[in-house]
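Enquirer: Take a look at the following structure, please.
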Amino acid sequence: MKNINPINTDAWKKLQQHFIEIKNIHIKNFFDKFPNRYKTMFRNFQDAIFIDFSKNRLNEETLNLLFQLCEETHLRSAINAMFEGKKINVTENRSVLHTALRNRTIHPIFSGNLNVMPLIHDELNRIKNFSDTVIQGIWKGYTEKNITDIVNIGIGGSDLGPKMVVESLKDYQNHLKIHFVSNIDGSHIKSVLDQVNPETTLFIVVSKTFNTEETLFNAHYAKEWFFKRTKLKNIKILAKHFIAVSENITKTISFGIPRENIFQFWDWVGGRYSLWSAVGLSIVLSLGFDNFLSLLDGAYNMDQHFFHNEFYNNIPVILALISIWYMNFFNTETEAIFPYDQNMINFPFYLQQAVMESNGKSINRLGKRVQWKTCPVIWGSPGTNGQHAFYQMLHQGTTLIPCDFIISITPNHTLLEHHNRLTAHFIAQTRALAFGSNDNFLKCKYHNQDKDFLHIFQSLQGNHPSNSILLNHLNPFSLGSLIALYEHKIFVQGVILNIFSFDQWGVELGKQLASEIYADITSSCSTIKYDTSTNNIINLCKKRKKN
Ligand SMILES: O=P(O)(O)OC[C@H]1O[C@H](O)[C@H](O)[C@@H](O)[C@@H]1O
957 MKNINPINTD AWKKLQQHFI EIKNIHIKNF FDKFPNRYKT MFRNFQDAIF IDFSKNRLNE
1017 ETLNLLFQLC EETHLRSAIN AMFEGKKINV TENRSVLHTA LRNRTIHPIF SGNLNVMPLI
1077 HDELNRIKNF SDTVIQGIWK GYTEKNITDI VNIGIGGSDL GPKMVVESLK DYQNHLKIHF
1137 VSNIDGSHIK SVLDQVNPET TLFIVVSKTF NTEETLFNAH YAKEWFFKRT KLKNIKILAK
1197 HFIAVSENIT KTISFGIPRE NIFQFWDWVG GRYSLWSAVG LSIVLSLGFD NFLSLLDGAY
1257 NMDQHFFHNE FYNNIPVILA LISIWYMNFF NTETEAIFPY DQNMINFPFY LQQAVMESNG
1317 KSINRLGKRV QWKTCPVIWG SPGTNGQHAF YQMLHQGTTL IPCDFIISIT PNHTLLEHHN
1377 RLTAHFIAQT RALAFGSNDN FLKCKYHNQD KDFLHIFQSL QGNHPSNSIL LNHLNPFSLG
1437 SLIALYEHKI FVQGVILNIF SFDQWGVELG KQLASEIYAD ITSSCSTIKY DTSTNNIINL
1497 CKKRKKN
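Dropping the structure here:
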């Protein structure tokens, strides 16, 4: 990948000038001037996802300059490099091949000298065989009972993606109950273990490194709980109830999980991009293998769209550019994700890791500190709940917050009147944000008060940007496409903003410090080795424990 700082490009300089020219133009005026705007800023992805990005503070010229930025930062060759398995995760010397995981063709893809495709297909077969036996009740627990509950123990990428997919596709679930334990907070695992029976529960320990404190500690706790409850400390019996997904086979075996129960996690798959691998076992167990294949196919189709389409018709590229435009020219700090779908409640949490762990960086690919913004704060929650909580600020606050509104045109349930109302709110919000209020709205309300004074408080200026993302129907295919869309959006931003998106060095110091501080918290002497604030807090926690 080329190391071009975006601010040194011709396009960036032109965008700065262009920003001065259009920053005060109201979205309303863009629409008035170009009646066809809604058509030119609308894209259809295979009748599965429709994107309207016309309610943004930009015009065709903005887009053209942003496409020029893609050319000048060599986006096309970076896309090729990722798909071809080049080691673009430079600081970890790894390929980035989550796209290969959803590729079911036999065309070879190499990481170094290794063709990864046979490995992926073999593992996919193992996943199919294993999940079929569990779902069909052929896999038995130690008392010959069928499995009823699955407990996924993992954190970060080994939790957020699978949990989000299982929850989003609730309407496709079979009889198995899926639980997720991630937090080191004891109340998390306790609340799950209180609900399950060791005879009918299968634990899946998911950890790429098999070195993550939270996961290992919870997995050991679950194992001890299992031994205690069954009164049988037998490793053969454990094998009927513990499965693992890891790259670290040695450590996993020494935990007590036999090789045949271990599914492979490869170093060329990043944790936050891994739900397409055996990390998604909880998804397969919950939805069945065919639905998992549809999820993969949805992502594969988006990969093909991203790989082949010119930038003008490339949805991940367009959404990435819009985000760069706001972050670096309008100086926005956050982006909100509003799924108008209760089952997608975990989508913003999933995206927080995907986006912020990937692009929350301040060093460029040459090792120099950047002088531009690389990553927005991602937040959000399902509509319509947010409307009754924080939307006030979206409409009238002092901060500009670009939003993605997501909805299915057809619901998975039969409560059509609910869905009509939900859809009306979705559309109403994007319209109110963009166009604001008009005088009629103000007059019809509060007609006996001082109109001019109230007007000031009630009026909504509009000019708040949003993208409308409409799924024809929320199903495994469209969800797979949607997730891949955001993955590629993240990638495009990393390339253009000249940072490494696939490492996460920023999380390491906290882990190391926590293990040192754990030793201090559990020792009997008072701590003096840190700064005074930290010493004081450690000593306070120790004192409280004694009481
Ligand atoms: O799968 P694991 O090795 O247990 O890692 C779990 C998570 O922990 C780390 O701290 C990383 O920040 C995440 O990217 C990763 O997904």
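With the working numbering applied, the sequence shown covers 957 to 1503.
Glycine residues also receive a C-beta, built at the ideal position from the N, C-alpha and C atoms.
Note that this is a predicted model, so its numbers are computed, not measured.
Quick check: what's the CA-CA separation for F1413 versus N1394?
Expert: Here residue 1413 refers to the residue found at position 457 when the sequence shown is read from its first residue. Here residue 1394 refers to the residue found at position 438 when the sequence shown is read from its first residue. Cα to Cα, F1413 sits roughly 13 Å from N1394.
Enquirer: Would the beta-carbon of N1167 be found less than 7 Å away from any heavy atom of ligand 1?
Expert: The count along the sequence shown starts at 1 and reaches residue 1167 at position 211. Yes, Cβ of N1167 sits closer than 7 Å to a heavy atom of ligand 1.
Enquirer: A967 and L1025 look like a contact to me (Cβ under 8 Å); what is the Cβ gap, rounded to whole Å?
Expert: Position 11 of the sequence shown holds residue 967. Position 69 of the sequence shown holds residue 1025. With a Cβ gap of about 4 Å, A967 and L1025 count as contacting.
Enquirer: Which partner residues of V1137 appear in the DSSP bridge assignment?
Expert: Mapped onto the sequence shown, residue 1137 falls at position 181. Answer is I1109.
Enquirer: Which residue spans inside the segment 1170–1254 form an unbroken alpha helix (DSSP H) run of at least 4?
Expert: Assignment of alpha helix (DSSP H) within the segment 1170–1254, counting only whole runs of 4 or more residues, yields 1191–1194, 1205–1211, 1237–1243 in chain order.
Enquirer: Can you look up C1359 in the DSSP assignment and give me helix, strand or coil?
Expert: Counting from one through the sequence shown, the residue named residue 1359 turns up at place 403. C1359: strand per DSSP, three-state reduction.
Enquirer: CB of G1112 to nearest heavy atom of ligand 1: below 7 Å?
Expert: For the purposes of this step, residue 1112 is taken as the residue at position 156 of the sequence shown. It does: the Cβ of G1112 is within 7 Å (strictly closer) of some heavy atom of ligand 1.
Enquirer: Is the segment 1169–1182 close to the segment 1134–1145, with three or more CB pairs under 8 Å?
Expert: yes
Enquirer: Leaving out the 5 sequence neighbours to the left and right, which residues in its chain are closer than 8 Å to H907 when beta-carbon positions are compared?
Expert: Any property of residue 907 remains undetermined from this structure, which presents the chain solely from 957 to 1503.
Enquirer: Relative to the alpha-carbon of S1504, which residue among V1121, N1085, M1038, K1101 has its alpha-carbon at the smallest distance?
Expert: The requested residue 1504 is not part of the displayed model; the chain covers only 957 to 1503.
Enquirer: Does any heavy atom of ligand 1 sit closer than 7 Å to the C-beta of K1317?
Expert: Counting from 1 along the sequence shown, the entry for residue 1317 is found at position 361. No, the Cβ of K1317 stays beyond 7 Å of every heavy atom of ligand 1.
Enquirer: For R993, which residues from the same chain have a beta carbon less than 7 Å from its beta carbon, with the 5 sequence-adjacent residues on both sides left out?
Expert: Locating residue 993 in the sequence shown gives position 37, counting from the first residue. So the qualifying residues of the chain are F986, F987, S1010.
Enquirer: Do you know offhand how far I1218's Cα is from K1042's?
Expert: Locating residue 1218 in the sequence shown gives position 262, counting from the first residue. Locating residue 1042 in the sequence shown gives position 86, counting from the first residue. Computed Cα separation, rounded: 27 Å.
Enquirer: Would N1419 and I983 be called neighbours here (beta carbons separated by less than 8 Å)?
Expert: Against the sequence shown, residue 1419 aligns to sequence position 463. Against the sequence shown, residue 983 aligns to sequence position 27. Yes. Within cutoff.
Enquirer: Quick check: does the Cβ of K1164 come within less than 7 Å of any heavy atom belonging to ligand 1?
Expert: Residue 1164 sits at position 208 when you count from the first residue of the sequence shown. Checking every heavy atom of ligand 1 against the Cβ of K1164, one is found closer than 7 Å.
Enquirer: Say yes only if the C-beta of G1450 is nearer than 7 Å to one or more non-hydrogen atoms of ligand 1, and no if none qualify.
Expert: Within the sequence shown, the letter at position 494 stands for residue 1450. Outside the cutoff, so no.
Enquirer: Looking at the secondary structure, which residues open and close the beta strand (DSSP E) in which L1158 lies?
Expert: Working through the sequence shown from its first residue, we reach residue 1158 at position 202. Per DSSP, L1158 belongs to the beta strand (DSSP E) from 1157–1162.
Enquirer: Using the rule of at least 16 other Cβ atoms within 10 Å of the residue's Cβ for burial, across every protein chain shown, is N1270 buried or exposed?
Expert: The sequence position of residue 1270 within the sequence shown is 314, counting from 1. That one is buried.
Enquirer: Thinking C-alpha only, which one of F1285, D1115, Q1151, P1154 is nearest A1235?
Expert: Along the sequence shown, one-based indexing puts residue 1235 at 279. Before going on, a small fix: residue 1235 reads as Val here, not Ala. Nearest of F1285, D1115, Q1151, P1154 to V1235, Cα basis: D1115.
Enquirer: Can you give the beta carbon distance from H1135 to V1148, rounded, assuming they're within the 8 Å contact cut?
Expert: Translated into the one-based positions of the sequence shown, residue 1135 becomes position 179. Translated into the one-based positions of the sequence shown, residue 1148 becomes position 192. Indeed, because the Cβ distance is near 5 Å, the residues count as touching under 8 Å.
Enquirer: Does the distance from the CB of F1023 to the CB of F1262 come in under 8 Å?
Expert: Taking the sequence shown and counting its residues from 1, one reaches residue 1023 at position 67. Taking the sequence shown and counting its residues from 1, one reaches residue 1262 at position 306. The Cβ-Cβ distance between F1023 and F1262 does not fall below 8 Å.
Enquirer: Should the segment 1214–1231 be regarded as contacting the segment 1178–1185, the criterion being three or more beta carbon pairs within less than 8 Å?
Expert: no
Enquirer: Compare the C-alpha of R1050 against each of H1077, G1226, D1008, I1319 and name the closest.
Expert: One-based indexing of the sequence shown puts residue 1050 at position 94. Nearest in C-alpha terms to R1050, of all of H1077, G1226, D1008, I1319, is G1226.
Enquirer: Can you tell me whether V1463 is buried or exposed? The criterion is at least 16 other CB atoms within 10 Å of its CB, across all chains shown.
Expert: Your numbering for residue 1463 matches position 507 in the sequence shown. So V1463 ends up on the exposed side.
Enquirer: How is R1060 classed by DSSP in three states: helix, strand or coil?
Expert: Counted from its first residue, the sequence shown places residue 1060 at position 104. In the structure shown, R1060 sits in coil (DSSP, three-state: anything other than H, G, I, E or B).
Enquirer: Taking only heavy atoms of ligand 1 into account, decide whether any of them is closer than 7 Å to the Cβ of E1313.
Expert: For the purposes of this step, residue 1313 is identified with residue 357 of the sequence shown, where counting begins at 1. Within the cutoff, so yes.
Enquirer: Can the beta-carbon of D1223 be found less than 8 Å from the beta-carbon of T1157?
Expert: As a working mapping, residue 1223 is identified with position 267 in the sequence shown. As a working mapping, residue 1157 is identified with position 201 in the sequence shown. Cβ atoms of D1223 and T1157: not closer than 8 Å.
Enquirer: Can you grab the Cα-Cα spacing for the pair N1503 / I1109, in whole Å?
Expert: Position 547 of the sequence shown, counting from 1, holds the residue named residue 1503. Position 153 of the sequence shown, counting from 1, holds the residue named residue 1109. Caution is warranted here: a pLDDT of 49 is assigned to N1503, below 50, making its placement in the model unreliable, and the coordinate value is therefore given only provisionally. Approximately 33 Å, taken between the alpha carbons.
Enquirer: Whole angstroms are fine: how far does the CA of Y1442 sit from the CA of F990?
Expert: Counting from 1 along the sequence shown, the entry for residue 990 is found at position 34. Counting from 1 along the sequence shown, the entry for residue 1442 is found at position 486. Going by the C-alpha atoms only, they are around 29 Å apart.
Enquirer: Cα separation between N1284 and I1239?
Expert: On the sequence shown, position 328 is the one that residue 1284 refers to. On the sequence shown, position 283 is the one that residue 1239 refers to. In this model, N1284 and I1239 are separated by some 37 Å (Cα to Cα).
Enquirer: So E1291 is in the alpha helix (DSSP H); what residue range does that whole segment cover?
Expert: Here residue 1291 refers to the residue found at position 335 when the sequence shown is read from its first residue. Unbroken run through E1291 is the beta strand (DSSP E), 1290–1295; no alpha helix (DSSP H).
Enquirer: Around the C-beta of A1384, are 16 or more other C-beta atoms found within 10 angstroms, so that it is buried, or is it exposed?
Expert: For the purposes of this step, residue 1384 is taken as the residue at position 428 of the sequence shown. Looking at its Cβ environment, which holds fewer than 16 other Cβ atoms inside 10 Å, A1384 is exposed.
Enquirer: Check whether the Cβ of V1463 sits closer than 7 Å to any heavy atom of ligand 1, and report yes or no.
Expert: The count along the sequence shown starts at 1 and reaches residue 1463 at position 507. Because some heavy atom of ligand 1 lies under 7 Å away, the Cβ of V1463 counts as near it: yes.
Enquirer: Can you give the Cα-Cα distance for Y1256 and T1055, rounded to whole angstroms?
Expert: For the purposes of this step, residue 1256 is taken as residue 300 along the sequence shown, with counting starting at 1. For the purposes of this step, residue 1055 is taken as residue 99 along the sequence shown, with counting starting at 1. Cα to Cα, the separation comes out at about 7 Å.
Enquirer: How about Q1460: is its Cβ closer than 7 Å to a heavy atom in ligand 1?
Expert: Translated into the one-based positions of the sequence shown, residue 1460 becomes position 504. Q1460 Cβ: within cutoff of ligand 1.
Enquirer: Please say whether L1021 and K970 have beta carbons closer to each other than 8 Å?
Expert: As a first step, residue 970 is located in the sequence shown; it is residue number 14 there, counting from the start. As a first step, residue 1021 is located in the sequence shown; it is residue number 65 there, counting from the start. Taking C-beta atoms as the reference points, K970 and L1021 count as a pair closer than 8 Å.
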